[in-house]
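> Numbering (our numbering), first residue to last: 40 to 292.
Where is the CB? At the ideal position from N, CA and C, for every residue including glycine.
To start, I am sharing the structure in question, which I have written as structure tokens.
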């Protein structure tokens, strides 16, 4: 039977995974007296700031079964997320009501740091080496993530400087030239036929960051040709239910 801990007058099982205390979203909601799934929603909103293996772990059904975590997760749970101390503190950072301050202190002191209050056996040489190696892996993982983020930012900045555009996309000026329609009618066609768009960031000659809308060319031209095959000539103009009256220079009515 697992040990239990009383936090905010509520009894919780003391759950450990690989020698570290963990909590679930449901436990956080209950102890902080928050509505169900409040903790999960907060985690999902800020997931980019959490590091797996350091702040949290995502456990598979096999791990839940082999680690006997049935009393933590519902039966037949496909996967479940657990938080370490740092993950819990990050998750509850926005919680600043009086109850949360009290609960955080109780959880940290009586739950997460319980082992610091108990006498521990000195680590053997092998355990010390393993601990050092595990810490090195965690540090390397953090470093790799930071380097990857730096590379992504650097690549984005370089692309902006060069004015690189996604392959197969063009601006509205090119669409006006190819279709013979006005800028407004080109935008009308894009919206009516739900043609893929994107935003192109580039540096102006005076060094300012600017943006413009770009459109995937092939779907645009395909929709344009379909629309023209359905349009009715109205004098020097054309009419289509999705476009209204419009001109298409180069297309004879």
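Select from 211, 241, 219 the residue whose C-alpha is nearest the C-alpha of residue 229.
Residue 211 is the option with its Cα nearest to residue 229.
> Using alpha carbons as the reference points, say which of 141, 271, 287, 261 lies closest to residue 222.
287
> What are the partner residues of residue 63, as DSSP defines its beta bridges?
121
> Report the option in 232, 209, 88 whose CA atom is closest to the CA atom of residue 240.
209
> Put residue 99 into one of helix, strand or coil per three-state DSSP.
strand
> In this structure, what does DSSP give as the bridge partners for residue 50?
According to DSSP, which records beta bridges pairwise, residue 50 is partnered with 45.
> For residue 263 and residue 275, what's the separation of their Cα atoms in angstroms?
Here the alpha carbons of residue 275 and residue 263 stand approximately 18 Å from one another.
> Would you report the Cα separation of residue 64 and residue 178, rounded to the nearest angstrom?
26 Å
> Straight-line CA distance for residue 93 to residue 252?
40 Å
> Which same chain residues, not among the five before or five after residue 125, have their C-beta less than 8 Å away from its C-beta?
The residues 93, 94, in chain order, have a CB closer than 8 Å to that of residue 125 in the same chain once the five nearest residues on each side in sequence are set aside.
> For the beta strand (DSSP E) holding residue 252, just list the boundary residues, first then last.
248-255
> Using only alpha-carbon positions, find the residue among 91, 100, 47 that is nearest to residue 184.
91
> Between which two residues does the alpha helix (DSSP H) carrying residue 145 extend?
Run containing residue 145: 137-145, per the alpha helix (DSSP H) assignment.
> So, are the CB atoms of residue 100 and residue 77 less than 8 Å apart?
no
> Identify, in the order they occur along the chain, each residue of the same chain with its Cβ nearer than 8 Å to the Cβ of residue 167, setting aside the five sequence neighbours on each side.
none
> Are the beta-carbon atoms of residue 145 and residue 46 separated by less than 8 Å?
yes
> State the CB to CB distance for the pair residue 96 and residue 121, rounded to an integer number of angstroms; the pair is presumed to be in contact (CB under 8 Å).
5 Å
> Quick one: residues in its chain with C-beta nearer than 8 Å to the C-beta of residue 171, no 5 flanking neighbours on either side, listed in chain order?
Answer for residue 171: no residue qualifies.
> To the nearest whole angstrom, what separates the beta carbons of residue 44 and residue 127, a pair I think is in contact under 8 Å?
Not quite, the Cβ-Cβ distance comes to about 14 Å (not below 8 Å), so this is no contact.
> Near residue 132, which residues of its chain fall below 7 Å by C-beta distance, leaving aside the five closest residues on each side in sequence?
none
> Would you report the Cα separation of residue 69 and residue 86, rounded to the nearest angstrom?
If you take the alpha carbons of residue 69 and residue 86, they lie about 21 Å apart.
> Whole angstroms is fine: what's the gap from residue 81's alpha carbon to residue 231's?
37 Å
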